[in-house]
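Taking it in order: structure first as structure tokens, then the write-up.
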Amino acid sequence: MARHSLLVGFGGFLPDRVVTNVELASQLDTSDEWIRARTGIACRHVAGPHDTATSMGAEAASRALSYAGLSASDIDVILVATATPDQAFPATAVRIQAEIGMISGFGYDISSACSGFVFALATADSLIRSHQANRVLVIGSEVYSRILDWSDRGTCVLFGDGAGAVILEASESDDHRGILSTHLHSDGRLRDLLYVDGAVGQPEKSGKLRMSGRDVFRHAVEKLSSSVDEVLSSCGLTRDHIDWLVPHQANIRIIEAVAKKLALPADRVVITVDRHANTSAASIPLALDEAVRDGRIRQGELVLMEALGGGLTWGTALARL
Ligand code: ACO
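Under this note's numbering, residues -18 to 302 are what the sequence shown spells out, in order.
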């Protein structure tokens, strides 16, 4: 079989502090009932003063290394998907490189908002297929609590903080496992539906997340449904072949719409949005880590990952674990 990438390590990290809907409702004009009914979210983890994209990403990476029985010196590349880096530069990836004691190889960040993990996974797979790397650490790490407008009930109730990591490893064996296909998209005409207002290049702006929730919702359901058709037909598979949906965790109603399109029962969909809320690029690797460690997803099963986020960007990855 041609050179391909196996998923061999999984790790996750969530900050200690849990903020419930009830706590938010004590500070904002919202309610536990509204948030649960519209989003499926009950609570989220929020970073403490010392938690950063680097510290959380390094912890998730260390856990993925220990799952795989590897050390930092076995890794060639670190890719970090984040919209909330500690600094404009150097990249969070090189900060994590130093943190975990990796002194060779290289690292860089990928900026695709909530789709970032799928974009990073596709990039890692390409680096392996083109013989530029044998093992790649792919990390999503986000502290959206620091870019939220905590007085805007339309956005601040939706997000949480955390980090997730996977390790991809080159294989030439004929086992039909690993990343089978990835598909990436963006449409910059839709950039104003979901964005951060300012950054280091525009310091006069607020630096807070802004969103047209209803429009993003509509695009997410439409684009993710057609992405599912795209990935299945590219691999010559049908929806009956899918064992698990591990979606980006934005809103339970978006996840249910995609699961319906796949005719997947609820117990074949990995859900963390109820406890983590939307952790952006961290949400898929956090969900994968949970479902692999608790024994739900087993070796040989076919997993569909999908995400949509600011850009708009969206993508899918199909992998046989
Ligand atoms: N509590 C109470 N009421 C609220 C809240 C809140 N937290 N937020 C909004 N409302 C009100 C609105 O003001 C509005 O009131 P009005 O009718 O008096 O004007 C009413 O609720 C309905 O608002 P809508 O925006 O129409 O509510 P909707 O059912 O669309 O749900 C939501 C809003 C949850 C944001 C939904 O549109 C959504 O999930 N969109 C996707 C956005 C998303 O997930 N973004 C994350 C990044 S992108 C991604 O990851 C896919």
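Every residue gets a Cβ at the ideal spot worked out from N, C-alpha and C, and that includes glycine.
Since we're looking at a predicted model, the values are computed, not measured.
- Query: In terms of residue numbering, what span does the alpha helix (DSSP H) encompassing E14 cover?
  - Reply: Taking the sequence shown and counting its residues from 1, the one referred to as residue 14 is at position 33. Looking at the DSSP string, the run of the alpha helix (DSSP H) that includes E14 is 13 to 20.
- Identify the continuous alpha helix (DSSP H) that holds A240 and give its terminal residues. Numbered from 1 along the sequence shown, position 259 holds the residue referred to as residue 240. Taken as a continuous stretch (DSSP letters only), the alpha helix (DSSP H) holding A240 covers 233 to 243.
- Query: Counting Cβ pairs closer than 8 Å, one from the stretch 80 to 95 and one from the stretch 283 to 302, do we hit at least three?
  - Reply: yes
- Item | Other residues of its chain near A103: CB distance less than 6 Å, five sequence neighbours each side excluded | Residue 103 sits at position 122 when you count from the first residue of the sequence shown. These residues qualify, in order along the chain: T163, L165.
- Message: Under 8 Å: do the stretch 10 to 19 and the stretch 238 to 249 share three or more Cβ pairs, one atom per stretch?
- Response: no
- Taking Cβ positions, are V27 and R(-2) nearer each other than 7 Å? One-based indexing of the sequence shown puts residue 27 at position 46. One-based indexing of the sequence shown puts residue -2 at position 17. Against a cut-off of 7 Å, the Cβ pair of R(-2) and V27 comes out as a contact.
- Please go through the same chain and pick out, in chain order, the residues whose beta-carbon is closer than 8 Å to the beta-carbon of A272, but skip the five residues on each side of it. As a first step, residue 272 must be located in the sequence shown, where it is residue number 291. Result list for A272: W225, V227, V251, I278, in chain order.
- Message: Tell me the DSSP secondary structure of N2 in three-state form.
- Response: Counting from 1 along the sequence shown, the entry for residue 2 is found at position 21. Three-state result, N2: helix.
- By how many angstroms is the C-alpha of N259 removed from the C-alpha of R220? The residue given as residue 220 occupies position 239 in the sequence shown. The residue given as residue 259 occupies position 278 in the sequence shown. Between R220 and N259, the C-alpha separation is close to 26 Å.
- Item | Residue of N2, R172, G(-7) minimising C-alpha distance to D255 | Locating residue 255 in the sequence shown gives position 274, counting from the first residue. For D255, the nearest C-alpha among the options comes from N2.
- Rounded to whole angstroms, what's the CA-CA distance from D196 to I84? Just pull it up for me. Stepping through the sequence shown from its first residue, residue 196 is reached at position 215. Stepping through the sequence shown from its first residue, residue 84 is reached at position 103. Taking the straight line from one Cα to the other gives about 45 Å.
- Task: Find the nearest neighbour of I180 within the set K189, R172, D173, L174, judged by alpha-carbon distance.
- Result: Along the sequence shown, one-based indexing puts residue 180 at 199. One point to set straight first is that residue 180 is Ala, not Ile, in the sequence displayed. For the residues K189, R172, D173, L174, the minimum Cα distance to A180 belongs to K189.
- Could you check the C-alpha separation between S52 and A39 for me, to the nearest Å? Locating residue 52 in the sequence shown gives position 71, counting from the first residue. Locating residue 39 in the sequence shown gives position 58, counting from the first residue. One C-alpha to the other measures close to 13 Å.
- Within 10 angstroms of the Cβ of K204, are there 16 or more other Cβ atoms? Answer buried if so, exposed if not. Counting from one through the sequence shown, the residue named residue 204 turns up at place 223. Under this definition K204 is a buried residue.
- Task: Compute the distance between the beta-carbons of L283 and I223, then report whether it is under 7 Å.
- Result: Along the sequence shown, one-based indexing puts residue 283 at 302. Along the sequence shown, one-based indexing puts residue 223 at 242. Contact: yes.
- Item | Inter-stretch contact at 8 Å, needing at least 3 Cβ pairs: the stretch 208 to 218 / the stretch 259 to 270 | no
- May I ask which residues mark the beginning and end of the alpha helix (DSSP H) holding E282? Mapped onto the sequence shown, residue 282 falls at position 301. That residue, E282, is in no alpha helix (DSSP H); it is neither H nor E in DSSP.
- Select from A101, G88, L139, R274 the residue whose C-alpha is nearest the C-alpha of E287. Your numbering for residue 287 matches position 306 in the sequence shown. Cα-wise, what sits closest to E287 is A101.
- List the residues that DSSP assigns as beta-bridge partners of L299. Here residue 299 refers to the residue found at position 318 when the sequence shown is read from its first residue. In the DSSP output, where bridge partners are listed per residue, L299 has S162, L285.
- Query: Going by beta carbon distance, what residues of the same chain come within less than 6 Å of L285, once the five residues before and after it are set aside?
  - Reply: Working through the sequence shown from its first residue, we reach residue 285 at position 304. Within the same chain, L285 has close Cβ partners I223, L226, L299.
- Would you mind stating whether V117 and V58 have Cβ atoms separated by less than 7 Å? As a first step, residue 117 is located in the sequence shown; it is residue number 136 there, counting from the start. As a first step, residue 58 is located in the sequence shown; it is residue number 77 there, counting from the start. In this structure, V58 lies closer than 7 Å to V117 by Cβ.
- Closer than 6 Å: is that where the CB of A201 sits relative to any heavy atom of the ligand ACO? To locate residue 201, count along the sequence shown from 1; it is residue 220. Because some heavy atom of the ligand ACO lies under 6 Å away, the Cβ of A201 counts as near it: yes.
- Task: Return the residue from the list G29, H257, G145 that minimises the CA-CA distance to A45.
- Result: Reading the sequence shown from its first residue, position 64 is the one you call residue 45. Of G29, H257, G145, the residue nearest in Cα terms is G145.
- Task: For L9, collect the residues of the same chain with a Cβ closer than 6 Å to its Cβ; drop the 5 residues on either side in sequence, then sort them by chain order.
- Result: Within the sequence shown, numbered from 1, the residue matching residue 9 stands at position 28. So the qualifying residues of the chain are R134.
- Query: So, are the CB atoms of I109 and A42 less than 7 Å apart?
  - Reply: Position 128 of the sequence shown, counted from the first residue, corresponds to residue 109. Position 61 of the sequence shown, counted from the first residue, corresponds to residue 42. Contact flag unset, no.
- beta strand (DSSP E) containing V117: first to last residue? The residue labelled residue 117 in the question sits at position 136 within the sequence shown. Per DSSP, V117 belongs to the beta strand (DSSP E) from 116 to 123.
- Query: Going by the CB atoms, is the gap between E150 and L302 shorter than 7 Å?
  - Reply: Numbered from 1 along the sequence shown, position 321 holds the residue referred to as residue 302. Numbered from 1 along the sequence shown, position 169 holds the residue referred to as residue 150. Not a contact, by the Cβ cut-off of 7 Å.
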